[in-house]
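Colleague:
There are 2 protein chains.
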Amino acid sequence: MGITKSEHFTDEQNELATLAKAIGHPARIAIIQHLIKVNSCVCGDIVNELPLAQPTVSQHLKELKNAGLIKGNFEGASICYCLNEEGFNKIRDFFEHINTYLKNKKNQCC
Amino acid sequence: MGITKSEHFTDEQNELATLAKAIGHPARIAIIQHLIKVNSCVCGDIVNELPLAQPTVSQHLKELKNAGLIKGNFEGASICYCLNEEGFNKIRDFFEHINTYLKNKKNQCC
DNA sequence: TCTTTATATTGCAATATTACGATATTAGAA
DNA sequence: TTCTAATATCGTAATATTGCAATATAAAGA
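Residue numbers (the UniProt record's numbering), protein chains in the order written: chain A, 1 to 110; chain B, 1 to 110.
#1: Run down chain A in chain order and give the residues with a C-beta less than 7 Å from the C-beta of B:I91.
#2: Report the rounded CA-to-CA distance for A:F88 versus A:K62, giving the unit in angstroms.
#3: Between the C-alpha atoms of A:A17 and A:K105, what's the straight-line distance to the nearest angstrom?
#4: Just the C-alpha distance for A:D93 and B:I32, rounded to the nearest angstrom, thanks.
#5: Candidates B:S78, B:C82, B:H60, B:R28: which alpha carbon is nearest B:I70's?
#6: Which residues of chain A have a Cβ atom closer than 8 Å to the Cβ of B:A53, listed in chain order?
#7: For the candidate residues B:M1, B:I36, B:A27, B:A67, whose alpha-carbon lies nearest to that of B:Q54?
#8: Where do the N-terminal and C-terminal ends of the alpha helix (DSSP H) with A:E15 fall, by residue?
#9: From residue 137 of chain B to B:N39, what does the alpha carbon distance come to, in whole angstroms?
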């Protein structure tokens, strides 16, 4: 039906899913990579970096912001975006947990 | 339009997005967590662990498999699922890269 | 063979996502 | 104030995702 049955899952599961989902689009990966590449806040040039129209980029930025993966500050007329450590820490912990498991796993049949 | 303009992004960006997207659903997070929790391959009991009907679970398993995040082996009449190290390594590298950046970042304005 | 058990596939309805043109908003510059 | 530049929001079309009942398939046991 297109509705995710969020109420049947734990808060942690829903939160991790929201973070991963927000990252799950090539334009949003590109935004994250660009923010890392320039190693500073980015004011406005993100639209020029992406092969998408301005309203579309704005929408992707909003989703990353809502998920807690980026932060935006007003910088005069434009806005300054940068990565939000908090969001990335949460999802990093999840992958570290998986990584630790994969290193020590036993009884694997496949 | 609902169409992601994949052709305008790099292979790496599309691949990372596909992996993150596959993880971006609470049911699929729950499947991953269950595979870790039992610390072995899981044959069939995943359906009983989730608050979803069998066809829905089957569909989620298929998506995780297509993304390269789990593997499935036939084990008699049932199927044995476990995590696929390869897929998780790829996305882990991405997050480690981000983590390294966040630790050393300068010139942050937000 | 027939049945049972486990899993996959099909088909469809409900909802979500993606993309963008048009338009609104907001802040500085003239 | 008026103009301009930067960003957000609205509205909408096209497509994707989610979920499940019904059904198909495949393997093992009686």
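For every residue, glycine included, the Cβ atom is placed at its ideal position computed from N, Cα and C.
Modeller: In brief:
#1: F95
#2: 16 Å
#3: 24 Å
#4: 14 Å
#5: Here the closest residue by C-alpha is B:C82.
#6: Neighbours of B:A53 on chain A: none; closest Cβ ~11 Å, over 8 Å.
#7: Residue B:A27 is the option with its Cα nearest to B:Q54.
#8: DSSP places A:E15 inside the alpha helix (DSSP H), whose first and last residues are 11-23.
#9: The requested residue 137 of chain B is not part of the displayed model; chain B covers only 1 to 110.
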